[in-house]
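As structure tokens, the structure follows; a few thoughts come after it.
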Amino acid sequence: MKSHISRLLKSELIAVLVEFQRQDLVFLSIKLYEVVGKEICYRPDMFFYRDMLMMLARNKRVDKARSVWDDLKREGMLFDQHTFGDLIRAFLDCGLPKEAMDIYEEMRLSPDPPLSLPYRLILKGLLPYLELREKIKEDFLELFPNMIVYDPPEDLFDDQQWEKDDVDG
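Rendered as structure tokens:
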């Protein structure tokens, strides 16, 4: 009985978890994440972990993100290069460059062959972090020697800061 009910409720549990994540209900998302992870019929899914990590990044819950990362490693889950790029960009966009670079190091160790598009997304997200961007740019050019990296004008951020100050007012 338990396995039949559990299997039937799994899709509903996942749907509720997705809604909690969409609403940034961190506490409820974490609780439901733990319940889903213990289900009998649970099968690891890269998107299950990705969505949880992105929600935790938006809410700057680094401690919980590390816990979820540990869970996915324990499950033997591997992300593809595009998912790594999405996660790194999410952490960068939320002002968490150290955590983004931790994920980047995992990406570099991945058995999945590197792709240029995720690197381009990461490089764009690193525009406010020039030192980190130079390191990733070197890696990119080493992996893809015939490609060009767009470098915006140096005063780009000065103009953006001025516009932000003008809007904030």
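Residue 1 is where the sequence shown starts when you use full-length UniProt numbering, and the numbers rise one by one after that. Note that CB positions come from ideal geometry on N, CA and C, so glycine has one too. Predicted model only: the values in this text are computed from it and were never measured.
Local conformation of residue i per DSSP, three classes
i	result
K60	coil
Y150	coil
Y129	coil
P97	helix
Q23	coil
D80	coil
E75	coil
P118	helix
E39	coil
S11	helix
F47	helix
S110	coil
Local Cβ density within 10 Å of residue i, reported as buried at 16 or more and exposed below that
i	result
F20	buried
E99	buried
I88	buried
I148	exposed
K164	Residue confidence is low: K164 scores 45 on pLDDT, short of 50, so the model does not pin down where it sits. Its coordinate-derived value is still stated next. Flag for K164 reads exposed.
F47	exposed
P118	buried
L92	buried
CB-CB length for residue i against residue j, believed under 8 Å
i	j	result
A15	A57	Their Cβ separation, rounded to whole angstroms, is 22 Å, which puts A15 and A57 out of contact at 8 Å.
R61	V26	6 Å
G85	L121	5 Å
P153	Y129	Rounded, the Cβ-Cβ distance is 17 Å, inconsistent with contact.
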